[in-house]
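See structure below.
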DNA sequence: GCTCCATGATACCTCCAGGGTATGGCTCGG
DNA sequence: CCGAGCCATACCCTGGAGGTATCATGGAGC
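Protein chains in written order, with this note's numbering: chain D, 1 to 300; chain C, 1 to 300.
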């Protein structure tokens, strides 16, 4: 498959007429017809329903059209941004993050950095393990995760420890209490993220295990939203970092835990032994303020 | 430019060595070299710095690499999803929305619909005007906006009226009050979205004008986040729909207005005279519950 | 029910561009 | 100073993208 196919497909999907589409593309109708067929056979799905009176998009074709537009759009903006960067000596700054830190201060850091007009920000959702690799390859310059990983080329800084909270379905017996882990262990658990491991899920399991508590895992989920959905549906309870409580969802209540020291750290990773670039220095300065605010409780 | 270029570029950017990259791509080195040069000349930017000892990514190249990965990834997932749809007779349901409704119940609707396994959801941020066009072309099936637009093929339903609030910088004289529009008119205004018009900005201006109040527009912004940033920086104040107060930002306070009837509607658009598909029926049912919840105040 | 026309599909040809081979030129390490 | 690696250039070859001519089909109009 080539971009040609996508470009042709978009025009045909708009015109729903091969002859007209071909004219618009400044080419003859037969080769266009062939390219479309080729696209369909490569994808392995019918995108159009043919009739003697023109074409109609199948549901798959409709879907493909929508996303093809987005893809072509993204290519255009990417090329344009790369050109800008080459001309203006702007520089890229890549940030990797695990989803669970994106409910806290990270958006503030991103927002601040975006304001700088000499930096092109790139965000990538990556697991902590992937972050290490991405740091080394230069794909990102800073990573935010929740796990410590030993690597000689990467240094990790513990920004702060965030309390864990329990997410319970509304009306749960423990909903208005400050339960202990032991109390929570009585109820089935929704574990997340189940994929890819190791992850916060293992930290959660470790907390129970270290206290000699046996838990029953009712359900696994890959995304926070799914996990919360399962909790709201009363399939189980789960533990989440405090920042997640910003995600208000009908049918969910968050409660603090009685056990002291039940925390999940937020860890910033950088390449070791590298002189900080100007942008890195700016990022560090912003980060310092955010962490300070957080410690002094200015952000809930 | 063709996908081939992007695929090659990605491998080269990872290997940083044309010979090895060529081997990985099962091709000879010279044609690869040529394709990369061709890509660079088409983009009009150097992506690599050549040396006798291999290649290095320029900042633009780094940026391009990151986004190229995303593009290729998106193409893969799009193709896979289209295949799934063709096999399983899933159906597409497209939703268009203006940014300001995305802070309210819309995410709940999206979340519910995503759970259905016979529907492939497509979201598109579109202005109300674009939504009408997208509805007609079948790109989306339902649109959420804040403006009434007369079109014979589209029917609009007023879901509810949402109070407007003022967003003020922290410490503003009116911060702890319930001000009137007349009081607010004394201060410079941050207008948004400035592009594309017509938009909420015109509704805001209309509210002042209809009361015979003259406002000074200190600054225009295109995005909510920018607007709030400007407000936080004390460049002016602005009006926002109530749902926006979910966006907590340091340095911003939201206050209700004293004037009654200062509201911004949330309007749902659909194609007129079309028998609702099963998915549309499900969406309508969910919507009804959400609107009911909203009216009875169960969602803040 | 027949014809006509619009539209997509098929057959076959042409030619350009993508890929191959051979080789040159540069830089760094020993 | 020489050899090893690496990328660039020159030149050739072939597959496939695009063109032309034509066929097949089914709905509109009489």
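Glycine included, every Cβ here is placed at the ideal spot set by N, Cα and C.
In three-state DSSP terms, what is residue i?
i: residue 242 (chain C); result: helix
i: residue 64 (chain C); result: helix
i: residue 1 (chain C); result: coil
i: residue 150 (chain D); result: coil
i: residue 279 (chain C); result: helix
i: residue 20 (chain D); result: helix
i: residue 70 (chain D); result: helix
i: residue 158 (chain D); result: strand
i: residue 291 (chain D); result: helix
i: residue 49 (chain C); result: strand
i: residue 211 (chain D); result: coil
i: residue 92 (chain C); result: strand
i: residue 180 (chain D); result: coil
i: residue 124 (chain D); result: strand
i: residue 188 (chain C); result: coil
i: residue 194 (chain D); result: coil
i: residue 231 (chain D); result: helix
i: residue 199 (chain C); result: coil
i: residue 301 (chain D); result: Shown here, chain D extends from 1 to 300; a query on residue 301 (chain D) therefore has no answer.
i: residue 219 (chain D); result: strand
i: residue 226 (chain C); result: helix
i: residue 56 (chain D); result: strand
i: residue 140 (chain D); result: coil
i: residue 175 (chain D); result: coil
i: residue 300 (chain D); result: Unreliable placement is indicated for residue 300 (chain D), whose pLDDT of 42 sits below 50; the coordinate value is still reported in the next sentence. If DSSP states are grouped into helix, strand and coil, residue 300 (chain D) belongs with coil.
i: residue 25 (chain D); result: coil
i: residue 31 (chain D); result: helix
i: residue 269 (chain C); result: strand
Along chain D, in chain order, which residues have C-beta atoms closer than 9 Å to that of residue i?
i: residue 83 (chain C); result: 43, 44, 45, 60
List, in order along the chain, the chain C residues whose C-beta lies closer than 8 Å to that of residue i?
i: residue 177 (chain D); result: Near residue 177 (chain D) there are no residues of chain C at all, since even the closest Cβ is about 24 Å away, more than 8 Å.
Buried or exposed for residue i, going by 16 or more other Cβ atoms inside 10 Å?
i: residue 261 (chain C); result: exposed
i: residue 273 (chain C); result: exposed
i: residue 238 (chain C); result: buried
i: residue 92 (chain C); result: buried
i: residue 22 (chain C); result: buried
i: residue 165 (chain C); result: buried
i: residue 212 (chain D); result: exposed
i: residue 126 (chain C); result: buried
i: residue 26 (chain D); result: exposed
i: residue 300 (chain D); result: Residue confidence is low: residue 300 (chain D) scores 42 on pLDDT, short of 50, so the model does not pin down where it sits. Its coordinate-derived value is still stated next. By the neighbour-count rule (16 or more Cβ atoms within 10 Å), residue 300 (chain D) is not buried but exposed.
i: residue 209 (chain D); result: exposed
i: residue 80 (chain D); result: exposed
i: residue 59 (chain C); result: buried
i: residue 243 (chain C); result: buried
i: residue 227 (chain C); result: buried
i: residue 292 (chain D); result: exposed
i: residue 171 (chain D); result: exposed
By the criterion of Cβ-Cβ separation under 7 Å, what are the contact partners of residue i in chain C?
i: residue 63 (chain D); result: 81, 82, 85, 92, 120, 122
i: residue 127 (chain D); result: Those do not exist, as residue 127 (chain D) stays about 15 Å from chain C at its closest Cβ, beyond 7 Å.
i: residue 301 (chain D); result: The shown model of chain D, from 1 to 300, leaves out residue 301 (chain D), and the question about it has no answer.
Which residues in chain D have a C-beta closer than 8 Å to the C-beta of residue i? List them in chain order.
i: residue 74 (chain C); result: 67, 70, 71, 74
i: residue 2 (chain C); result: 2, 3, 4
i: residue 225 (chain C); result: 111
i: residue 238 (chain C); result: What residue 238 (chain C) touches in chain D: nothing, since even the nearest Cβ is about 17 Å away.
Below 8 Å on the Cβ atoms is my contact criterion, and I expect residue i with residue j to pass it. Report the Cβ-Cβ distance as a whole number of Å.
i: residue 86 (chain D); j: residue 13 (chain C); result: Contact flag wrong, Cβ pair sits at about 15 Å.
i: residue 290 (chain C); j: residue 108 (chain C); result: 6 Å
i: residue 135 (chain D); j: residue 145 (chain D); result: Rounded, the Cβ-Cβ distance is 11 Å, inconsistent with contact.
i: residue 19 (chain C); j: residue 29 (chain C); result: 5 Å
i: residue 140 (chain C); j: residue 95 (chain C); result: 6 Å
i: residue 131 (chain C); j: residue 277 (chain C); result: Not quite, the Cβ-Cβ distance comes to about 18 Å (not below 8 Å), so this is no contact.
i: residue 259 (chain C); j: residue 177 (chain C); result: Not a contact, Cβ separation roughly 13 Å.
Compare the C-alpha of residue i against each of the options and name the closest.
i: residue 218 (chain D); options: D:203, D:226, D:235, D:227; result: D:235
i: residue 295 (chain D); options: D:40, D:106, D:43, D:159; result: D:159
i: residue 282 (chain D); options: D:34, D:112, D:17; result: D:112
i: residue 128 (chain D); options: D:50, D:242, D:151, D:205; result: D:151
i: residue 185 (chain C); options: C:200, C:198, C:168; result: C:168
i: residue 6 (chain D); options: D:71, D:24, D:124, D:278; result: D:71
i: residue 245 (chain C); options: C:162, C:139, C:154, C:67; result: C:162
i: residue 63 (chain D); options: C:263, C:292, C:119; result: C:119
i: residue 195 (chain C); options: C:66, C:98, C:69, C:288; result: C:98
i: residue 68 (chain D); options: D:38, D:230, D:10, D:279; result: D:10
Show which residues of chain C have a CB atom less than 9 Å away from the CB atom of residue i.
i: residue 139 (chain D); result: 62, 65, 66, 69
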